[in-house]
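These notes are about the structure you will find just below.
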Amino acid sequence: MRTLTTVIITGLFTVASQTSFANHHFSVMDNDAEIEFKASIEAQCGLEVLKDKGGLAFGDQYLEQAAQIQVIDNTVKNGRILLKLEDLEYEQDDYLKSLEYGFFHFKVTGNSEKEGSALAWMVGKTFTRQELGDERQLELRARVSLSEEDAVARDDLTIKTEWVSICG
């Protein structure tokens, strides 16, 4: 009886072993299934304000304190963006001389640097992806081409700007 029991157990191991191999072999023989994953990505083009205040300089030099923006553009891999000054607000009463947009100048720095009067920035300046850099962050500085003696003494002399980007 001992011999018979041993044979039956051995037989069961053999069958189980073959079944396991057969199942494994069977799954390898199945046809491959192709699975595709898709996403729909909406185009994004715009600006995100990282730092909304910078220093306003007088004369020909800019201050170190800069406002910061990040360009958001996923429209074209090697595209360009046009950065434009959409609006410029200032109080004429803050200045002893009559001002116009040509007195205000802006310098925008990323991997490259572009400078111009408010009038030039209202037309816009083009930046390539390389000029924006990997982080796509830009620093904006402002100055008024007047001496401080031509401004009214006060602690809160400000100009307000609105910037837009056009991607493509």
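Here this note's numbering is used: the first residue of the sequence shown is 37, the next is one more, and so on.
Where is the CB? At the ideal position from N, CA and C, for every residue including glycine.
None of these values were measured; they are calculated from a predicted model.
> Should A187 and V180 be called a contact, given that it needs their Cβ atoms to be closer than 9 Å?
Replying inline: yes
> Do the segment 102-115 and the segment 128-137 touch if we need at least three Cβ pairs shorter than 8 Å?
Replying inline: no
>> Which residue wins for smallest C-alpha separation from E125, given the options S153, L99, S201, K196?
In response: K196
> Between K161 and D123, what straight-line distance do the alpha-carbon atoms span, to the nearest angstrom?
Replying inline: 15 Å
> By a C-beta neighbour count over all protein chains shown, 10 Å radius and 16 as the cutoff for buried, is E167 buried or exposed?
Replying inline: buried
> Within this structure, are the beta carbons of L176 and V200 separated by less than 9 Å?
Replying inline: no
> When the distance is taken between beta carbons, is Q80 closer than 9 Å to I108?
Replying inline: yes
>> Taking its Cβ as the centre, do 16 or more other Cβ atoms sit within 10 Å of T194, making it buried, or is it exposed?
In response: exposed
> For G152, does the three-state DSSP call read helix, strand or coil?
Replying inline: strand
> Going along the chain, which residues of its own chain have a beta-carbon closer than 6 Å to the beta-carbon of E178, five neighbours each way excluded?
Replying inline: For the record, residue 178 in the displayed sequence is Ala; it is not Glu. So the qualifying residues of the chain are L92, F142.
>> I need the DSSP call for Y126, collapsed to helix, strand or coil.
In response: strand
>> Assuming contact is defined by CB atoms lying nearer than 9 Å, are L119 and F163 in contact in what I supplied?
In response: yes
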